[in-house]
Amino acid sequence: MTKKFLLARKKGMTQIFREDGNVVPVTVLEVGPCTVTGIRDKSRDGYRAVQLGFIPARAKHVNKPQLVAAEKAGVKPFRVLREFRVEATDAYEIGQEITADWFEIGDIVDVIGRSKGRGFAGTIKAHGFSRGPETHGSQNVRQPGSIGQCASPSRVFKGARMPKHFGNARRTVKNLTVEGVDVERGLLLIRGGVPGAPNSLLQIQTAKTGGKK
Amino acid sequence: MDNIILELEKQHMKEDAPSFKVGDFVRVDYLIREGQKERVQPFIGQVIRKAGHGFRLTFTVRRTVQGEGVERTFPLHSPRVVNVTVQRGPNRKPRRAKLFFLRDRVGKSAQF
Chain D
9 MTKKFLLARK KGMTQIFRED GNVVPVTVLE VGPCTVTGIR DKSRDGYRAV
59 QLGFIPARAK HVNKPQLVAA EKAGVKPFRV LREFRVEATD AYEIGQEITA
109 DWFEIGDIVD VIGRSKGRGF AGTIKAHGFS RGPETHGSQN VRQPGSIGQC
159 ASPSRVFKGA RMPKHFGNAR RTVKNLTVEG VDVERGLLLI RGGVPGAPNS
209 LLQIQTAKTG GKK
Chain R
3 MDNIILELEK QHMKEDAPSF KVGDFVRVDY LIREGQKERV QPFIGQVIRK
53 AGHGFRLTFT VRRTVQGEGV ERTFPLHSPR VVNVTVQRGP NRKPRRAKLF
103 FLRDRVGKSA QF
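In order, the protein sequences belong to chains D and R. Residue 98 in the working numbering is what sits at position 90 of the first sequence, and the numbering runs on without skipping anything. Residue 88 in the working numbering is what sits at position 86 of the second sequence, and the numbering runs on without skipping anything.
Shown next as C-alpha cells:
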C-alpha cells in the first residue's frame, strides 16, 4: 500500500460512539488541505520525497528563498513546508491538492508532533521519580536522591536521569487508528492522544510498523 | 474549548435527550446484544449522580436487587441508551447533587 501523509493541526480531544455503542477517546485534527509544492528526485536530489505546503501565507510572511521556490514551482506560498520520503514520486505532481479524504476509517497511522514544553523540570516531573517525605524534618521533598555509588566507580554513569529541559521535543506516537474522517470540514478523528498543545502542527503518516493495512 | 469540537459533539448528540434530575426514579431502556439478537433491557432505579455535561454527560442509576445494591453508569448520548423515562420524583427534594450516602443505608432509610 502506498504511504499516506499529511500535515495537520491538533484541535483537541473528545469522544465518539462506535456503531456498537462503545465509547472511543479521539483527538480531532484539522487536516490539510495540503498542496504538493515540490518533488525530490533520486537523480537530481539523491532521494525521493514529496514536499507539502500547509496553511497558505501572504508573501510578506514567507522568507525569500521559500517564496522564490514557490514562484518557480508555480504554487502559492505556504507557512509550513515539510518533506515526506516516498518510494516513488510518479503519483504526485506539483500543485496537486491533498485533503483529509485520502485517509479512511481503520487506517493505522503514526503522528509526529512537538510535545508541550515544560521548561527545566525536576526529576519528579521529567522522569517520574517519587518524592521524599514532606514532614518529620525532611528537607528531601523533591530532591533526586543518590545519583550513583562511592569510591568505585567514583564517577556518575552517563545517562543518569537528572533534572533537564523537558518537553518541546519531536515526538512520534505510533500505530493510532483513524476512527473518523470528516471530509466536509477536513477533520480526522484519531484514537488516543497526540503530542502538543491545541493548534500545534502535526505530521500524520501511514504507520511504519504494526498496522496490517 | 474549540468550536470545531463543540460542533462535532453537537452532531452526535441526541436532539431530544431525555431530561431528569438527580433523585428521580427512572427507567433506562438499554440495548443489549445477545448473540445475533438485539433487545432492550430496562434498568429501573434512582439517579444518584450526573457527571460531565453536554455530549459527555453520564449518569448513575442505583437500585436494590435482593438486598444487594446495584449501580450502573450510562452515557446519556450513547446510541445504546434508547430512552430514559422518569417514573416518579424523589420522596424528598435532595439537598445535594450526588446521593452517594444512599449506599450506606439499608432497608427503609435507603428510600429517598
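Think of the CB as a built atom: it goes at the ideal place given N, C-alpha and C, for glycine as much as any other residue. Computed from a predicted model, the values in this text were never measured in an experiment.
At least 7 Å separates the beta-carbon of L37 of chain D from that of K50 of chain D. The three-state reading of DSSP puts H173 of chain D in strand, counting E and B together. With a 10 Å radius around the Cβ and a threshold of 16 neighbouring Cβ atoms, F165 of chain D comes out exposed. K39 of chain R and K182 of chain D have their C-alpha atoms roughly 37 Å apart. Taking a cut-off of 8 Å for Cβ pairs, the segment 108-124 of chain D and the segment 174-192 of chain D touch, as three or more such pairs fall below it.
The Cβ of I34 of chain R sits no closer than 7 Å to any Cβ of chain D. If you draw a straight line from the Cα of Q104 of chain D to the Cα of P41 of chain D, it comes to about 10 Å. In summary, Q43 of chain R is exposed, with fewer than 16 beta-carbon neighbours lying within 10 Å of its beta-carbon over all protein chains present. For V70 of chain D, the CB contacts under 6 Å within the same chain, skipping 5 residues up- and downstream, are P85 in chain order.
Rounded to the nearest angstrom, the gap between the Cα atoms of F22 of chain R and L78 of chain R is 11 Å.
I7 of chain R counts as buried, since no fewer than 16 other beta carbons sit within 10 angstroms of its beta carbon.
Going by beta carbons, L14 of chain D and I212 of chain D fall inside the 7 Å limit. For R82 of chain R, a Cβ of chain D is located within less than 7 Å of the residue's own Cβ. Residue contact with chain R for G20 of chain D: present (Cβ-Cβ distance below 7 Å to some residue of chain R).
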